[in-house]
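Residue 47 in this note's numbering is what sits at position 35 of the sequence shown, and the numbering runs on without skipping anything. The next block holds one structure in the form of structure tokens; read it before the comments.
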Amino acid sequence: ETTTFRCQGSQRELMFEITTSPRTYLLKFNKISCPTMVEINGERIASCSSYSALESSQQGWWWDPSAQLYVKTKAEGGARIRVL
Numbered sequence: 013e014t015t016t017f018r019c020q021g022s023q024r025e026l027m028f029e030i031t032t033s034p035r036t037y038l039l040k041f042n043k044i045s046c047p048t049m050v051e052i053n054g055e056r057i058a059s060c061s062s063y064s065a066l067e068s069s070q071q072g073w074w075w076d077p078s079a080q081l082y083v084k085t086k087a088e089g090g091a092r093i094r095v096l
């Protein structure tokens with residue numbers, strides 16, 4: 013089965029979609045300002061205090077001051093990620 017990724021964004025919002033997959037993804041977005049919130053499938057997810065905390069969690073996000081955003085999610089049933 014093929015997994016499809018789609019991304020679109022503007023200065024204020026980023027949308028990223030993953031079709032159904034049995035995997036967990038750790039996504040990295042470059043040159044991103046610190047988000048005010050991250051949602052997956054319409055539900056706000058928690059930020060993590062460090063990259064290590066994100067790695068050990070099942071789902072969440074962490075922003076690196078070097079303008080990199082990491083988002084971890086499972087894609088069972090598909091995932092629609094919204095970053096504001």
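Think of the CB as a built atom: it goes at the ideal place given N, C-alpha and C, for glycine as much as any other residue. What you are looking at is a predicted structure, and each value in this text was computed from that prediction instead of being measured.
- Within the same chain, and ignoring the five residues on either side of Lys-40 in sequence, the residues whose Cβ sits closer than 7 Å to its Cβ are Gln-80, Tyr-82.
- Per DSSP, reduced to three states, the secondary structure at Ala-65 is helical.
- Cys-60 sits in coil when the DSSP states are folded into three classes, being neither helix nor strand.
- Residue burial annotation: Thr-85 is buried, with at least 16 other C-beta atoms found within 10 angstroms of its C-beta.
- Of Val-50, Pro-77, Thr-15, Leu-66, the smallest CA-CA separation from Glu-25 is found for Val-50.
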